[in-house]
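Here is the structure we will look at.
Protein chains in written order, with the working numbering: chain R, 1 to 143; chain W, 144 to 257.
Okay, here's the thing in structure tokens:
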């Protein structure tokens, strides 16, 4: 397991997530990986962290997130943890994309997050331990 | 939320002068867009050339904006940057929206209304 390159801790709010991701991009991702992989990382992290903010920690004031990443080219491995509620059924959402074969007025405005994560990340693992959710996944440039 | 409107014959061009459409600005985006497009012509072209990042919250806002226009009006997108293009493609929303390479392609043949 390569050494951890970055370790971040922040509150579980949309604003703190956005700041953390912008900082990670500017301080590290932009200078380390390709533009494409940088974009993939920002997107997958945003989706996973939005899920933490909007679901796991939605009903608490003390939501916290820790993010660690390791880079062993060509793979970026992320470890996220949060102190929110457990995933329903203690398992990852399957990420079936919402149905879009429908009239415009019935198009879904949400539910895309996990299908994006599954499309872009590999080796996604979830576990629950001592009141924390642990999510790990690996990213690389798509072909 | 910086959205700029330019009127053309039979179309409105809305330029999104923001780098990100994400969870923090999704609601403001929809509201501002509704404000700018209410009562306008049938075609609304959204120039996303400055938007470097859009996640599923941002996508939801754009879909919501399209639904707000109602069945007789059309929301078209122009000038997608790489992450935005990726999101549209992976969610297959590129089959739902008309997507132009840039604003000139979207507005070909239309004159601005000064």
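Glycine included, each C-beta is placed from N, C-alpha and C at the ideal position.
As the structure is a computational prediction, the values presented were derived from the model and not from experiment.
query                                                                                                                                                                       : result
Check the Cβ of residue 203 of chain W against every Cβ in chain R and list those closer than 9 Å, keeping chain order.                                                     : 108, 109, 110, 111, 112
Taking 8 Å as the threshold (C-beta atoms), are residue 163 of chain W and residue 211 of chain W in contact?                                                               : no
Classify residue 123 of chain R as helix, strand or coil using the three-state DSSP reduction.                                                                              : strand
Kindly indicate the opening and closing residues of the alpha helix (DSSP H) around residue 90 of chain R.                                                                  : Segment: none, residue 90 of chain R is in no alpha helix (DSSP H) and carries neither H nor E.
For residue 228 of chain W, name the three-state secondary structure that DSSP assigns.                                                                                     : helix
Looking at C-beta atoms only, is the number of pairs between the segment 107-127 of chain R and the segment 2-12 of chain R that lie closer than 8 Å three or more?         : no
May I ask you to report which of helix, strand or coil DSSP gives residue 140 of chain R?                                                                                   : coil
Would you call the CB atoms of residue 65 of chain R and residue 51 of chain R closer than 8 Å?                                                                             : no
Quick one: Cα of residue 140 of chain R to Cα of residue 92 of chain R, how far?                                                                                            : 21 Å
Taking 8 Å as the threshold, find out whether the segment 54-69 of chain R comes into contact with the segment 185-194 of chain W through three or more Cβ pairs.           : no
Among residues of its own chain, excluding the 5 on either side of residue 260 of chain W, which ones have a beta-carbon nearer than 7 Å to its beta-carbon?                : The structure shown does not extend to residue 260 of chain W, since chain W spans only 144 to 257, so no value can be given for it.
Could you name the residues of chain R that residue 165 of chain W contacts, counting a contact when the two beta carbons are closer than 7 Å?                              : 18, 46
Using C-beta distances below 8 Å, list every residue in its chain close to residue 173 of chain W, excluding the 5 sequence neighbours before and after it, in chain order. : 204, 207, 208, 211
Got a sec, what are the start and stop residues for the beta strand (DSSP E) residue 188 of chain W sits in?                                                                : 186-190
Where residue 104 of chain R and residue 242 of chain W are concerned, what is the direct C-alpha to C-alpha distance, given to the nearest angstrom?                       : 16 Å
In chain R, what lies closer than 7 Å to residue 200 of chain W by C-beta?                                                                                                  : 50
Using a C-beta to C-beta distance shorter than 8 Å, which residues of chain W count as neighbours of residue 43 of chain R?                                                 : 196, 198, 226, 229, 230
Under 7 Å Cβ-Cβ, which residues of chain R neighbour residue 214 of chain W?                                                                                                : 104, 105
Find out if the Cβ-Cβ distance for the pair residue 130 of chain R, residue 87 of chain R is shorter than 8 Å.                                                              : no
Where does residue 89 of chain R land, buried or exposed, given buried means 16+ other C-beta within 10 angstroms?                                                          : exposed
Residue 167 of chain W: which of R:128, R:46, R:31 sits nearest, CA to CA?                                                                                                  : R:46
Is DSSP giving residue 157 of chain W helix, strand or coil here?                                                                                                           : strand
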